[in-house]
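Chains as they are written, first to last, in the working numbering: chain A, 224 to 531; chain B, -10 to 268.
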């Protein structure tokens, strides 16, 4: 049995770290000092994805349907494979069209001297006749943990998860994460019928490492079961361990390729959650499989309100 | 199909025949004048305005930036044609900078009969940037909607279907001596007439059926609010993702679905943070 522990944090203060994600490495280092040596050795941490706490509607592949109330503030139950990714895509296509969705999904930028940060909440004015003149949308961060071999390490206690600090200036109070919700998910018990017996695409949820300056890290090729139509975008990023900074060459996240390993779709899907390649322990190499017809842009999905 | 008359029409006699690409830049004049579609006039200072754009380009461009169907009022305390900026949270330019009674920016944006000139003016106009596409969706931009309509129509007239189109990103070239002006846009080797939808110090973006070997990503099978999807599939980074400022902009653009909102975000962000004063 493979277990993952999903964790949802509330962002309490301004955040000055990586803008795409709170990296798995940052979360791992914040956790590592709070756990015993055995856990430290076993723990794998995904990237943390920013989620606004806002009204939403479940996407069509989700096991729940229709209006979901305020999503982002708690972890919905996970029954099928697609449910795992509800909060993993920055475009947040579940936000309601009847509200200013793009305003809810972009971070407010604040300035501290010459450094810019993301604010933990965004304020919106309201019409004068409404009792409260302002409302706010709060930001949350979702990540998940799993272990190499020793499952007894999970779940981590709530006291261990609460009050982490990540990003730059974390010793000065920035980047504080309080625990909002956590749950265990058994990967083997999920429903994978959505990705069986169909042509599939692979969406890269976090960067895939091609080469790393980290000592003894292997270079990787783009896997043969990714069929990219043209060039895959690269991005250089860094892995920071204390004073050491290691440059990484990656395939950038957010890209979509055709998947040519259909025979092993379910096994590959689970590997995508547990991540592949160099530094997968720290969040790199996460991917999602999706039927080719079910475009991640809902209006373009075949047969689901799409029009030619 | 009609061709544009290469002269400025006299102000007292309405034009008879207008190039469809000229019509593009005039099709939403009623919005610039704060009027509803139903109250729109057909003639403004002798120029035919508010005409329908052929080949469905207007509807397709609307679909790139707004939900389809009956609109919902998304920002209840802002029932105004003034655009709201996602970067500052307030109206794009203080509203007294362009008095509604002052037609000078309007003249500049609609009266020419040369579609190339109109494209270069819309591409660089601050005045057009202060209006939204719809009062129901105040973060959208009338200016980028209009530029998207022009790009779609030009591609459709060249025989491309929507599904053939790509977003292409290129460097914007060095800053012109006279600044990012309409005249400089017409001289620029970067700007493709009608197909360039953003010409900003940080990058230029084009919608075209001829991507060549430039950094590009397909727009997909049909018009949809797909900016985040297309942007994150570009085959190369449009700007230096090693610089913290631009990485932050890149991260935000992966969150925005509406095309005209996203293009306005790039421009507003560059205006506020592009000077390098803060990282």
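For glycine and all other residues, C-beta sits at the position ideal for the given N, C-alpha and C.
Since this is a predicted model, take the numbers as computed values, not measurements.
Buried or exposed by the 16-neighbour rule on C-beta atoms within 10 Å, applied to residue i
| i | result |
| --- | --- |
| residue 26 of chain B | exposed |
| residue 260 of chain A | exposed |
| residue 460 of chain A | buried |
| residue 290 of chain A | exposed |
| residue 355 of chain A | exposed |
| residue 217 of chain B | buried |
| residue 463 of chain A | exposed |
Interface flag, residue i vs chain A, CB-CB below 8 Å
| i | result |
| --- | --- |
| residue 9 of chain B | no |
| residue 246 of chain B | yes |
| residue 47 of chain B | no |
| residue 86 of chain B | Its pLDDT being 45, under 50, residue 86 of chain B is placed unreliably in this model, and the coordinates cannot settle the point. |
| residue 164 of chain B | no |
| residue 259 of chain B | no |
| residue 262 of chain B | yes |
| residue 103 of chain B | no |
| residue 145 of chain B | no |
| residue 66 of chain B | yes |
| residue 276 of chain B | Residue 276 of chain B cannot be examined here, being either before or after the span of chain B that is shown, -10 to 268. |
| residue 203 of chain B | no |
| residue 75 of chain B | yes |
| residue 227 of chain B | no |
| residue 210 of chain B | yes |
| residue 194 of chain B | no |
Cut-off 7 Å between Cβ atoms - residues of its own chain near residue i, not counting five sequence neighbours on either side
| i | result |
| --- | --- |
| residue 124 of chain B | 68, 69, 70 |
| residue 175 of chain B | 105, 109 |
| residue 423 of chain A | 482, 485, 488, 512, 513, 514, 515 |
| residue 111 of chain B | 14, 98, 117, 132, 135, 136 |
| residue 475 of chain A | 430, 456, 457, 458 |
| residue 396 of chain A | 236 |
| residue 90 of chain B | In this prediction, residue 90 of chain B scores a pLDDT of 46, lower than 50, which makes its location untrustworthy; the coordinate-derived value is nonetheless stated afterwards. So the list is empty, once near-sequence residues are dropped. |
| residue 262 of chain B | 234 |
| residue 173 of chain B | 165, 167 |
Residue j beta carbon less than 8 Å from that of residue i
| i | j | result |
| --- | --- | --- |
| residue 36 of chain B | residue 138 of chain B | no |
| residue 151 of chain B | residue 249 of chain B | no |
| residue 307 of chain A | residue 279 of chain A | no |
| residue 12 of chain B | residue 40 of chain B | yes |
| residue 359 of chain A | residue 344 of chain A | yes |
| residue 432 of chain A | residue 500 of chain A | yes |
| residue 267 of chain A | residue 369 of chain A | yes |
| residue 309 of chain A | residue 299 of chain A | yes |
| residue 284 of chain A | residue 305 of chain A | yes |
Min CB distance residue i to chain B below 8 Å
| i | result |
| --- | --- |
| residue 454 of chain A | yes |
| residue 479 of chain A | yes |
| residue 272 of chain A | no |
| residue 349 of chain A | yes |
| residue 324 of chain A | yes |
| residue 342 of chain A | no |
| residue 313 of chain A | yes |
| residue 436 of chain A | no |
Chain-order list of residues whose beta-carbon lies under 8 Å from that of residue i (same chain, five-residue window excluded)
| i | result |
| --- | --- |
| residue 491 of chain A | 448, 482, 484, 512 |
| residue 383 of chain A | 254, 257, 258 |
| residue 203 of chain B | 157, 158, 159 |
| residue 73 of chain B | 64, 67, 79, 80, 81, 121, 127, 128 |
6 Å CB neighbourhood of residue i in its chain, flanking five on each side removed
| i | result |
| --- | --- |
| residue 192 of chain B | 158, 161, 227, 228 |
_Please give the ranges of any alpha helix (DSSP H) in the stretch 180 to 254 of chain B, keeping only runs that are unbroken, at least 4 residues long and fully inside the region._
216 to 220, 233 to 242
_Going residue by residue through the stretch 351 to 433 of chain A, where are the continuous beta strand (DSSP E) segments of at least 3 residues, counting only ones entirely within it?_
The qualifying runs are 357 to 370, 399 to 409, 423 to 427.
_Completely contained alpha helix (DSSP H) runs for the stretch 465 to 512 of chain A, where each covers 4 or more residues_ = 488 to 497
_4 or more residues per run - each alpha helix (DSSP H) lying fully within the stretch 240 to 308 of chain A_ = Counting whole runs of 4 or more residues, the stretch 240 to 308 of chain A contains the alpha helix (DSSP H) stretches 247 to 255, 260 to 265.
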